[in-house]
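Visitor: The structure follows.
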Amino acid sequence: MRLEDCRADFPLTRDLIYLDSAATSLTPKPVIQAMVGYDLRYRANVGRGVHRLTTIATHRYRDARDSIRSFIGGEGGAIAITRNTTEAIGMVAAGLPWKQGDRVVTTLLEHHSNLLPWLRLRKRGVEVDIVRPDAEGSLEIADLEAAVRDGTRLVAITHASNVLGTVIPVDEIAAICHDHGARLLVDGAQSAPHLPVDVSRMGCDYFCFSGHKMLGPTGTGALWMREPDIEPLLVGGGSIANVTADDYTLAPDEGRYEAGTPPVAGTIGFARAAAYLREIGMETVHRHDERLSARLIEGLSEVEGVRVLGAEVEGERIGVVSFTVDGLHPHEVAQILDEAAAVLVRSGHHCSQPLMEHLGLPEGTVRASTHIYNTEEEIDTMIATVEEIARRVA
Ligand code: PLP
Numbered sequence: 002m003r004l005e006d007c008r009a010d011f012p013l014t015r016d017l018i019y020l021d022s023a024a025t026s027l028t029p030k031p032v033i034q035a036m037v038g039y040d041l042r043y044r045a046n047v048g049r050g051v052h053r054l055t056t057i058a059t060h061r062y063r064d065a066r067d068s069i070r071s072f073i074g075g076e077g078g079a080i081a082i083t084r085n086t087t088e089a090i091g092m093v094a095a096g097l098p099w100k101q102g103d104r105v106v107t108t109l110l111e112h113h114s115n116l117l118p119w120l121r122l123r124k125r126g127v128e129v130d131i132v133r134p135d136a137e138g139s140l141e142i143a144d145l146e147a148a149v150r151d152g153t154r155l156v157a158i159t160h161a162s163n164v165l166g167t168v169i170p171v172d173e174i175a176a177i178c179h180d181h182g183a184r185l186l187v188d189g190a191q192s193a194p195h196l197p198v199d200v201s202r203m204g205c206d207y208f209c210f211s212g213h214k215m216l217g218p219t220g221t222g223a224l225w226m227r228e229p230d231i232e233p234l235l236v237g238g239g240s241i242a243n244v245t246a247d248d249y250t251l252a253p254d255e256g257r258y259e260a261g262t263p264p265v266a267g268t269i270g271f272a273r274a275a276a277y278l279r280e281i282g283m284e285t286v287h288r289h290d291e292r293l294s295a296r297l298i299e300g301l302s303e304v305e306g307v308r309v310l311g312a313e314v315e316g317e318r319i320g321v322v323s324f325t326v327d328g329l330h331p332h333e334v335a336q337i338l339d340e341a342a343a344v345l346v347r348s349g350h351h352c353s354q355p356l357m358e359h360l361g362l363p364e365g366t367v368r369a370s371t372h373i374y375n376t377e378e379e380i381d382t383m384i385a386t387v388e389e390i391a392r393r394v395a
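As structure tokens, this is what we get:
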């Protein structure tokens, strides 16, 4: 499918300029149809029973899970369906066998979902080292390397910043981790929807991502594991191989992480979303986002009173651009953009309060984030509206 042809699949784009895809993306019609198809034609619980509907539903669910795994090149590992990235990261934090003196290395670039689980472990005696980016938000790999000493059990880092749009070279970090016997968790919430991801080449041990940010339904995400070696968060129906009155053995595969009825329709929709992105091609998606964000950065940088964050940081980017307008709170800017031009952006700290403090912006930023359905004309409308807003307060 050609990227230019996909817009008709997203009815909301007719009346609105949706630039909040980093929070959650829009969903195309084929994804909705796939989910409705389950409910109308073969709805049944999965993994239990032999009747005709459960057999179809089980096959479709497992196929969907497999295709989500292959979307990130994860055939060599296990994948568990979760509610979102937050749950996937939380499962690793809860499931590794921590002991006093273990270390976790993370960074100040993280979303709260990849920071709070480690801060909570700190209260249980785990040492947590937080590597700081510079004043522009650029992370020095040498600083990270210095922090990953022997005794580091886990490095937990984002693949792409949800505030600055910058991409972190996680494959370089994987090499550093493995030199020191540390495992690597990559928060792929912002990369899986926008970049070609291949976990087999990346060298991470855990990759966490959200279906709802990549054209899939809300309430879906996944945890990919090189080895399914963490303790499950929940146990119960569906997660076992055998149960006696006194004991149980867990399922040998990823089923052990999916106790209870999984989000069947959601997973089928998630897999359809992955297939939709694949039809367009993730290289094409990435180039489109880069083109739009470059246009946005250039346009906004020329507006007097507007400061674009992280514009100087080198390297690859996703379609996320944060900025401030002198004299206005980010929420005011977002409100005016909506009222004046139906441009929907996010404002505030973007669940990255420590990063905002570090950048000297406790009130946060305005953040525009793109996906395949956005156009250059929409970006130009956004720039022109910000120009007008900035002129009014000058
Ligand atoms: N990590 C990053 C980098 C994010 O941008 C987000 C959400 O914006 C998350 C984690 C949490 O994702 P979810 O809300 O789907 O759990």
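Counting from 2, one number per residue, gives the positions in the sequence shown under the working numbering. Glycine residues also receive a C-beta, built at the ideal position from the N, C-alpha and C atoms. Just so we're clear, the structure is a prediction, and the values are computed from it rather than from any experiment.
(1) Short of 8 Å in beta carbon distance, which residues of its chain neighbour V394, apart from the five on each side in sequence? Order them along the chain.
(2) Would C7 pass as a contact of I373 if the rule is Cβ separation under 8 Å?
(3) From the DSSP output, read off the bridge partner residues of S211.
(4) Could you check where the alpha helix (DSSP H) with T386 kicks off and where it finishes?
(5) Using CA coordinates, which residue listed in E76, V387, W225, I241 is at the minimum distance from N85?
(6) Within the chosen definition, does the region 220-239 reach the region 64-81 through at least 3 CB pairs nearer than 8 Å?
(7) As an exercise, report each continuous alpha helix (DSSP H) stretch of at least 4 residues that is fully enclosed by the region 227-307, in chain order.
(8) Reducing DSSP to helix, strand and coil, say where L154 ends up.
(9) Please check the pair T159 and V132, which I expect to be a contact at CB under 8 Å, by giving their CB distance rounded to whole angstroms.
(10) Using the C-alpha atoms, what's the distance from V387 back to G397?
(11) Kindly examine ligand 1 and report whether one of its heavy atoms sits closer than 7 Å to the Cβ of Q191.
(12) Starting from the Cα of L310, find the closest Cα among E5, M2, L120, L165 and give me that residue.
(13) Are there three or more Cβ pairs, one per stretch, closer than 8 Å when the region 53-68 is compared with the region 264-272?
(14) Assign Y374 to one of three DSSP states: helix, strand, or coil.
(15) Taking all protein chains shown into account, decide if N375 is buried (16 or more other Cβ within 10 angstroms of its Cβ) or exposed.
(16) Kindly provide the ranges of any alpha helix (DSSP H) runs that are 4 or more residues long and lie completely inside the region 6-55, ordered along the chain.
(17) Taking only the alpha-carbon atoms, compute the straight-line gap between M215 and D247 and give it to the nearest angstrom.
(18) Let's test the definition: count the other Cβ atoms within 10 Å of the Cβ of H3 and tell me whether it reaches 16, buried, or not, exposed.
(19) Are the region 362-370 and the region 341-353 touching, with three or more C-beta to C-beta distances below 8 Å?
(20) With DSSP as the reference, label E317 as helix, strand or coil.
(21) Looking only at its chain, what residues have a beta carbon closer than 6 Å to the beta carbon of L185, apart from the 5 residues adjacent to it on each side?
(22) Given that a residue counts as buried once 16 or more other Cβ atoms are within 10 Å of its Cβ, and exposed if not, what is V106?
(23) Out of H113, M92, L20, which has the shortest C-alpha to C-alpha gap to R257?
(24) So does G270 have its beta carbon nearer than 7 Å to some heavy atom of ligand 1?
(25) For ligand 1, is there any heavy atom lying closer than 7 Å to the beta carbon of N85?
(26) If we count the other Cβ atoms within 10 Å of its Cβ and call it buried at 16 or more, is R154 buried or exposed?
(27) Ends of the beta strand (DSSP E) at R184?
(28) Going by C-alpha to C-alpha distance, which of R125, D21, L13, V32 sits closest to Q191?
(29) What's the gap between the Cα of A23 and the Cα of S370?
(30) Among T219, L110, G316, R49, which residue has its Cα nearest to the Cα of P355?
(31) Where does E128 fall in DSSP's three states?
(32) By the three-class DSSP mapping on this structure, what secondary structure does V171 have?
(33) I'd like the list of long-range same chain contacts for E340, defined as Cβ closer than 8 Å, with 5 residues on each side in sequence excluded.
Guide: The relevant details are as follows:
(1) Around V394: G306, V326, D327, G328, L329.
(2) yes
(3) Answer is G222, bridged to S211.
(4) 377-394
(5) W225
(6) yes
(7) Correct list: 265-281, 283-302.
(8) It is worth fixing the name first, because residue 154 is Arg in this sequence and not Leu. Of the three classes helix, strand and coil, the one that applies to R154 here is strand, per DSSP.
(9) In fact, because the Cβ distance is near 12 Å, the residues do not count as touching under 8 Å.
(10) Any property of residue 397 remains undetermined from this structure, which presents the chain solely from 2 to 395.
(11) yes
(12) L165
(13) Verdict: yes, contact present.
(14) coil
(15) buried
(16) 30-42
(17) 43 Å
(18) Looking at the sequence provided, one finds Arg at residue 3 rather than His. Classification of R3: exposed, given that the 10 Å Cβ count is below 16.
(19) Short answer: they touch.
(20) Residue state, collapsed to three classes: coil.
(21) V156, A175, C178, C205, D206
(22) The residue is buried, with at least 16 neighbouring Cβ atoms inside 10 Å.
(23) M92
(24) no
(25) yes
(26) buried
(27) 184-188
(28) D21
(29) 6 Å
(30) L110
(31) strand
(32) helix
(33) Correct list: empty, nothing qualifies.
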